[in-house]
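A.B. asks:
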Amino acid sequence: MNITVYVPRDSTALALGADEVCAAIRAEAQRVGAEVRIVRNGSRGMFWLEPLVEVATPQGRIGYGPVEPGDVAGLFAAGFLDGGAHPLAHGPVDALPWLQHQERVTFARVGITDPVSLDDYLAHDGYLGLRRALGMDAAAIVQEVTDSGLRGRGGAAFPTGIKWNTVLRAQAAQKYIVCNADEGDSGTFSDRMVMEDDPFMLIEGMTIAGLAVGATRGYIYVRSEYPHAIAALNEAVASATAAAYLGPDILGSGKAFTLEVRKGAGSYVCGEETALLESLEGKRGIVRAKPPLPALAGLFGRPTVINNVISLAAVPRILQQGAAWYRDLGMGRSRGTLPFQLAGNLKYGGLVEKAFGISLRELLFDFGGGSASGRPIRAVQVGGPLGAYLPATRFDTPLDYEAFAAIGAAVGHGGIVAFDDSVDMAQQARYAMEFCAVESCGKCTPCRIGSTRGVETMDKIIAGQDRPQQIHLLRDLCDLMLSGSLCAMGGMTPFPVLSALDHFPEDFGALDAAKHAA
Amino acid sequence: MQHAPPSGAGDSAVIADILRTHRAIPGAMLPVLHAIQDRIGHIPPDAVPAIADGLNVSRAEVHGVLTYYHHFRQHPAAGRVIQVCRAEACQARGGAALAEHVQRTLGCGFHGSSPDGALTLEPVYCLGHCAVGPNIAIGDKLHARVTPARFDALLQAAGAPA
Numbered sequence: 001m002n003i004t005v006y007v008p009r010d011s012t013a014l015a016l017g018a019d020e021v022c023a024a025i026r027a028e029a030q031r032v033g034a035e036v037r038i039v040r041n042g043s044r045g046m047f048w049l050e051p052l053v054e055v056a057t058p059q060g061r062i063g064y065g066p067v068e069p070g071d072v073a074g075l076f077a078a079g080f081l082d083g084g085a086h087p088l089a090h091g092p093v094d095a096l097p098w099l100q101h102q103e104r105v106t107f108a109r110v111g112i113t114d115p116v117s118l119d120d121y122l123a124h125d126g127y128l129g130l131r132r133a134l135g136m137d138a139a140a141i142v143q144e145v146t147d148s149g150l151r152g153r154g155g156a157a158f159p160t161g162i163k164w165n166t167v168l169r170a171q172a173a174q175k176y177i178v179c180n181a182d183e184g185d186s187g188t189f190s191d192r193m194v195m196e197d198d199p200f201m202l203i204e205g206m207t208i209a210g211l212a213v214g215a216t217r218g219y220i221y222v223r224s225e226y227p228h229a230i231a232a233l234n235e236a237v238a239s240a241t242a243a244a245y246l247g248p249d250i251l252g253s254g255k256a257f258t259l260e261v262r263k264g265a266g267s268y269v270c271g272e273e274t275a276l277l278e279s280l281e282g283k284r285g286i287v288r289a290k291p292p293l294p295a296l297a298g299l300f301g302r303p304t305v306i307n308n309v310i311s312l313a314a315v316p317r318i319l320q321q322g323a324a325w326y327r328d329l330g331m332g333r334s335r336g337t338l339p340f341q342l343a344g345n346l347k348y349g350g351l352v353e354k355a356f357g358i359s360l361r362e363l364l365f366d367f368g369g370g371s372a373s374g375r376p377i378r379a380v381q382v383g384g385p386l387g388a389y390l391p392a393t394r395f396d397t398p399l400d401y402e403a404f405a406a407i408g409a410a411v412g413h414g415g416i417v418a419f420d421d422s423v424d425m426a427q428q429a430r431y432a433m434e435f436c437a438v439e440s441c442g443k444c445t446p447c448r449i450g451s452t453r454g455v456e457t458m459d460k461i462i463a464g465q466d467r468p469q470q471i472h473l474l475r476d477l478c479d480l481m482l483s484g485s486l487c488a489m490g491g492m493t494p495f496p497v498l499s500a501l502d503h504f505p506e507d508f509g510a511l512d513a514a515k516h517a518a
Numbered sequence: 519m520q521h522a523p524p525s526g527a528g529d530s531a532v533i534a535d536i537l538r539t540h541r542a543i544p545g546a547m548l549p550v551l552h553a554i555q556d557r558i559g560h561i562p563p564d565a566v567p568a569i570a571d572g573l574n575v576s577r578a579e580v581h582g583v584l585t586y587y588h589h590f591r592q593h594p595a596a597g598r599v600i601q602v603c604r605a606e607a608c609q610a611r612g613g614a615a616l617a618e619h620v621q622r623t624l625g626c627g628f629h630g631s632s633p634d635g636a637l638t639l640e641p642v643y644c645l646g647h648c649a650v651g652p653n654i655a656i657g658d659k660l661h662a663r664v665t666p667a668r669f670d671a672l673l674q675a676a677g678a679p680a
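Each protein sequence line maps, in turn, to chains A and B.
Last residue of the first sequence: number 518 in this note's numbering, and the count goes up by one each step with no gaps.
Last residue of the second sequence: number 680 in this note's numbering, and the count goes up by one each step with no gaps.
Below, the structure written as structure tokens:
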């Protein structure tokens with residue numbers, strides 16, 4: 001009998017040896033004469049279990065992990081092809097509490113299907129959103145997205161429907177859909193997972209966006225650090241084109257949409273939308289002054305929808321299930337779900353998709369299991385390198401755009417990086433300035449010069465040189481960068497710096513300094 | 519991954535061929551530079567005037583783009599490239615100690631090469647495996663949960679002197 005075994009192809013699983021495990025399973029199956037069909041699925045996002053091998057049984061998919069090549073012979077001996085007991089066995093994967101307690105809306109298929117199989121996508125509700133959209137007029141599609149309450153998942157949280165409506169109403173011979181897949185924030189990997197583990201969902205979302213605003217061309221700008229994502233997307237675009245889900249006549253509707261994958265070149269600031277457009281046009285990735293908005297004068301000067309991967313990936317499900325269904329999830333003005341990414345020093349790191357409103361504490365401890373090192377969690381950075389560092393007293397804040405803004409922090413792209421008590425927050429503040437200095441596009445002075453001055457000032461603080469004066473200078477510099485920078489790079493670098501200083505003054509010698517000054 | 523030395527006669531043909539197939543695509547600059555680097559291993563000096571001519575832009579514009587992006591190299595990398603993530607999520611899992619160890623072991627700093635020219639060390643700011651760091655890439659191959667001891671083992675397995 002032919003038994004289906006799933007071995008993830010997600011690049012985190014590959015970094016943990018999934019290819020070697022796959023080869024070992026093939027070799028052992030041949031040796032013992034077992035007929036095995038191997039499917040390279042995406043990852044479930046439970047990275048501490050990767051490589052997580054699953055076997056299809058009458059009881060559902062039984063998981064084994066983390067599997068190393070040396071474990072494979074033992075798994076066969078234990079009868080894992082029939083779901084047999086083994087120290088690495090976790091029972092039916094779908095029943096694991098870590099997955100059960102999530103609201104997997106955008107990530108519903110991720111880890112379950114073969115990412116590059118169009119048939120698999122169609123068998124799991126794929127392209128139902130596009131089919132509905134094809135029967136609607138453009139304004140009705142935009143209205144549906146507006147009514148869903150979807151806000152930009154890249155970090156700025158701008159209402160997606162309003163952006164689309166601006167592009168819909170703009171008059172131009174050519175409009176574009178651009179997907180910002182320049183996921184450079186440390187502690188984030190949800191875009192990468194969508195592209196590697198369910199690329200058709202992104203393609204479908206962009207196609208619907210094209211129908212909604214009257215754009216016939218789309219680009220996905222992917223960072224060069226993500227070669228596996230680029231390969232999966234290219235394969236999926238080719239399949240979708242061959243099956244007329246993309247091209248000059250989508251499913252016989254007479255509507256056209258073509259898609260191209262473009263590769264970035266290692267510039268963090270290209271995640272800023274106008275810098276990304278410059279880069280797509282073949283120029284240095286330098287931030288543009290706004291206005292004009294990209295919605296009116298974007299790529300090649302034409303009206304352009306530019307959205308993050310997760311925003312566009314949310315669209316097929318919104319069209320499939322309706323705006324009200326999506327809007328019923330979440331809290332306040334933050335509607336729907338966000339795929340949170342648990343990263344850094346956590347025991348159970350990975351992808352947790354939840355409706356807005358869950359607290360940081362629930363994510364860190366109920367899902368994350370506390371620190372991986374076993375030491376207390378001292379600081380958590382939410383929202384990438386430009387996000388604030390939060391102390392334990394802030395862990396009960398609900399994950400909601402407005403609630404985070406109220407405490408001087410940002411939800412951003414949903415990346416959550418935990419640090420234990422061995423962290424030196426002055427070093428983290430220095431790093432934030434150093435990163436800004438390395439990655440600044442150089443167009444505006446507060447960011448270009450301010451970040452370098454910031455590193456120098458932090459060096460003096462760390463060396464214990466004129467601390468009260470230097471801390472005063474640091475605050476002044478941050479104030480300038482906050483108010484005077486052209487984009488979020490310089491404008492938000494003060495978030496990690498000032499939050500580290502405000503919440504962890506002892507690491508800056510600020511307590512001694514205050515005593516000194518008194 | 520050994521690359522050919524810079525600016526052979528073969529390179530000009532490769533560059534001309536890439537320009538011929540890419541020049542019509544909108545915003546061709548980055549795709550052209552990627553194609554050249556993928557084939558030759560870096561962007562040789564004589565590629566700059568050729569690209570300027572092929573895409574009808576100034577040499578200064580080509581130079582500006584080429585030098586702006588961290589990914590593009592103007593000189594061939596010595597031997598195999600090792601990328602070590604230096605970003606926050608890896609820092610939270612021992613990334614700084616690993617970065618120290620790697621520099622000591624290779625005998626070079628970031629952007630430098632080992633004395634025997636077999637390895638080039640580059641920083642990278644996030645490979646996207648932030649739950650299981652510290653992360654590195656040796657050539658195209660990704661490795662997660664890299665402790666100093668595991669780095670030494672990987673280096674040995676890669677056939678380089680530890």
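Beta carbons: idealized from backbone N, C-alpha and C, even for Gly.
These numbers come from a predicted model, not from an experiment.
Does the segment 635-654 of chain B come into contact with the segment 592-602 of chain B, if we say contact requires no fewer than three beta-carbon pairs (one atom in each stretch) closer than 8 Å?
C.D. replies: yes
A.B. asks: Taking R577(B) as the reference, which of M547(B), S530(B) and G646(B) has the closest Cα?
C.D. replies: The shortest C-alpha separation from R577(B) is found at M547(B).
A.B. asks: Determine the contact status of S359(A) and T393(A), defining contact as a CB-CB distance below 8 Å.
C.D. replies: no
A.B. asks: Run through the DSSP bridge pairs and tell me what E54(A) is partnered with.
C.D. replies: For E54(A), which the question treats as bridged, DSSP gives the partners Y6(A) and G63(A).
A.B. asks: Considering only residues of the segment 189-247 of chain A, which uninterrupted alpha helix (DSSP H) runs meet the minimum length of 4 residues and lie entirely inside it, listed in chain order?
C.D. replies: 190-197, 199-213 and 227-242, all fully within the segment 189-247 of chain A.
A.B. asks: Can you give me the Cβ contacts of A56(A) inside the same chain, cut-off strictly under 6 Å, excluding the 5 residues immediately before and after it?
C.D. replies: T4
A.B. asks: Suppose you measure from the CA of Q427(A) to the CA of I462(A); what does that come to, to the nearest Å?
C.D. replies: Roughly 8 Å between the two C-alpha positions.
A.B. asks: For F107(A), would you say it is in contact with chain B, using Cβ-to-Cβ distances shorter than 8 Å as the test?
C.D. replies: no
A.B. asks: With a floor of 4 residues, list each alpha helix (DSSP H) that falls wholly inside the segment 289-321 of chain A, ordered by position along the chain.
C.D. replies: 309-321, all fully within the segment 289-321 of chain A.
A.B. asks: In the structure shown, what three-state DSSP assignment does E420(A) receive?
C.D. replies: Per the sequence presented here, residue 420(A) reads as Asp, with Glu not at that position. In this structure, D420(A) counts as strand in the three-state DSSP scheme.
A.B. asks: Looking at C-alpha atoms only, which residue of R430(A), A29(A), Q465(A) and G464(A) is the closest neighbour of L498(A)?
C.D. replies: R430(A)
A.B. asks: Applying the criterion that 16 or more other CB atoms from any shown protein chain within 10 Å of the CB defines a buried residue, is L574(B) buried or exposed?
C.D. replies: This sequence places Asn at residue 574(B); Leu is not what is there. Answer is exposed; the Cβ neighbour count stays below 16.
A.B. asks: For a quick check, are the C-beta atoms of A343(A) and A662(B) less than 8 Å apart?
C.D. replies: No Cβ-Cβ contact shorter than 8 Å links A343(A) with A662(B).
A.B. asks: Using a Cβ cut-off of 7 Å, pull out every chain A residue sitting near N653(B), in sequence order please.
C.D. replies: By Cβ distance, chain A contributes A15.
A.B. asks: Quick check on DSSP: helix, strand or coil for C441(A)?
C.D. replies: coil
A.B. asks: List, in order along the chain, the chain B residues whose C-beta lies closer than 9 Å to that of T304(A)?
C.D. replies: In chain order: nothing, as chain B lies at least about 13 Å away.
A.B. asks: For the segment 250-284 of chain A, which segments carrying the beta strand (DSSP E) assignment without a break, of at least 3 residues, lie completely within its bounds, in sequence order?
C.D. replies: 258-263
A.B. asks: Have a look at the DSSP bridge pairing and note the partners of E353(A).
C.D. replies: P339(A)
A.B. asks: With a CB to CB cut of under 7 Å and the five nearest residues on each side skipped, what residues in its chain are close to L168(A)?
C.D. replies: A138, A139, V142, A212, V213 and G214
A.B. asks: On a CA-only basis, which of N234(A), I208(A), A173(A) and T160(A) is nearest M195(A)? Give me that one, please.
C.D. replies: The option with the nearest alpha carbon to M195(A) is N234(A).
A.B. asks: Using only CA atoms, which one of A172(A), D197(A), R153(A) and A170(A) lies nearest to N180(A)?
C.D. replies: That would be R153(A), whose Cα lies nearest to the Cα of N180(A).
A.B. asks: Looking at the structure shown, is L390(A) part of a helix, part of a strand, or coil, going by DSSP?
C.D. replies: strand
A.B. asks: Starting from L639(B), follow its DSSP beta bridges and name the residues at the other end.
C.D. replies: I600(B)
A.B. asks: As an exercise, report each continuous beta strand (DSSP E) stretch of at least 3 residues that is fully enclosed by the segment 105-149 of chain A, in chain order.
C.D. replies: none
A.B. asks: Give me the Cα-Cα distance between Q102(A) and Q341(A), rounded to the nearest whole angstrom.
C.D. replies: When rounded, the distance between both Cα atoms is 13 Å.
A.B. asks: On the DSSP letters alone, give me the boundaries of the alpha helix (DSSP H) that C487(A) sits inside.
C.D. replies: Neither: C487(A) is in no alpha helix (DSSP H) and is coded neither H nor E.
A.B. asks: Does the distance from the C-beta atom of F158(A) to that of L351(A) stay below 8 Å?
C.D. replies: no
A.B. asks: Let me know if E225(A) comes out buried or exposed under the rule of 16 or more other beta-carbons within 10 Å of its beta-carbon.
C.D. replies: buried
A.B. asks: May I have the straight-line CA-CA distance separating D564(B) from D571(B), to the nearest angstrom?
C.D. replies: 11 Å
A.B. asks: Measuring CB atoms only, is the segment 215-223 of chain A touching the segment 251-264 of chain A, in the sense that at least three cross pairs come out at less than 8 Å?
C.D. replies: yes
A.B. asks: When you compare the CB of G343(A) with every CB in chain B, is at least one pair closer than 8 Å?
C.D. replies: It is worth fixing the name first, because residue 343(A) is Ala in this sequence and not Gly. With 8 Å as the cut-off, A343(A) counts as an interface residue toward chain B.
A.B. asks: Looking at chain A, is there any beta carbon in it that lies within less than 8 Å of the beta carbon of G677(B)?
C.D. replies: no
A.B. asks: Using three-state DSSP, classify K460(A) as helix, strand or coil.
C.D. replies: Here K460(A) sits in helix by DSSP.
A.B. asks: DSSP three-state label for R151(A), please.
C.D. replies: strand
A.B. asks: Is it right to say S422(A) is buried, meaning 16 or more other beta carbons lie within 10 angstroms of its own, or is it exposed?
C.D. replies: Exposed.
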